[in-house]
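Quick note: the sequence shown uses my numbering, first residue 529, plus one each step.
Where is the CB? At the ideal position from N, CA and C, for every residue including glycine.
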Amino acid sequence: MRIGELSRRTGVHERLLRYYEEQDLLHPRRRPRGYREYADEDIATVRRIRSLLAAGLNTSTIATILPCLRDTGERLIPTCPDLVTDLHRERDRISRSITDLQTSLSALDEVITAAPPEVTRRALATLDG
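So, in structure tokens, the structure goes:
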């Protein structure tokens, strides 16, 4: 199938599919005139990529772990021994990021609540209107 068909079947824009190819996540065949030709399995690959991106992984990490995942239709299952260790590291990295963001949110809340009532009223009126 051509890139337009893959885009239609996955809901992923053609530009993004080309980016996935640049990042070594997709490997379409090239036709004699340079057209990309995707296999039916690429639909599942794009879905796995989207799931992993939604889980907070970057494309370079996904390129490394994608060959070590099996899709059961309900979930992704690691099939390489070192992958679970790598996934734990990624989880820890994401967890640290969440903690840092929560700390930043608390600091902002402290500053916001310290504002005098009249400043808060004017600020909220600006947000509303």
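(request) Specify, as a first and last residue, the run of the beta strand (DSSP E) that residue 597 falls within. (result) 597-599
(message) Are the CB atoms of residue 611 and residue 593 within a distance shorter than 8 Å?
(response) With contacts defined by Cβ atoms closer than 8 Å, residue 593 and residue 611 form a contacting pair.
(message) Please state whether the Cβ-Cβ distance between residue 565 and residue 556 is less than 8 Å.
(response) yes
(request) Return the first residue and the last residue of the alpha helix (DSSP H) that residue 609 is part of. (result) Where residue 609 is concerned, the enclosing alpha helix (DSSP H) stretches over 609-641.
(message) Just list the residues that DSSP pairs residue 593 with in beta bridges.
(response) Answer by DSSP bridge pairing: none, since residue 593 is not bridged.
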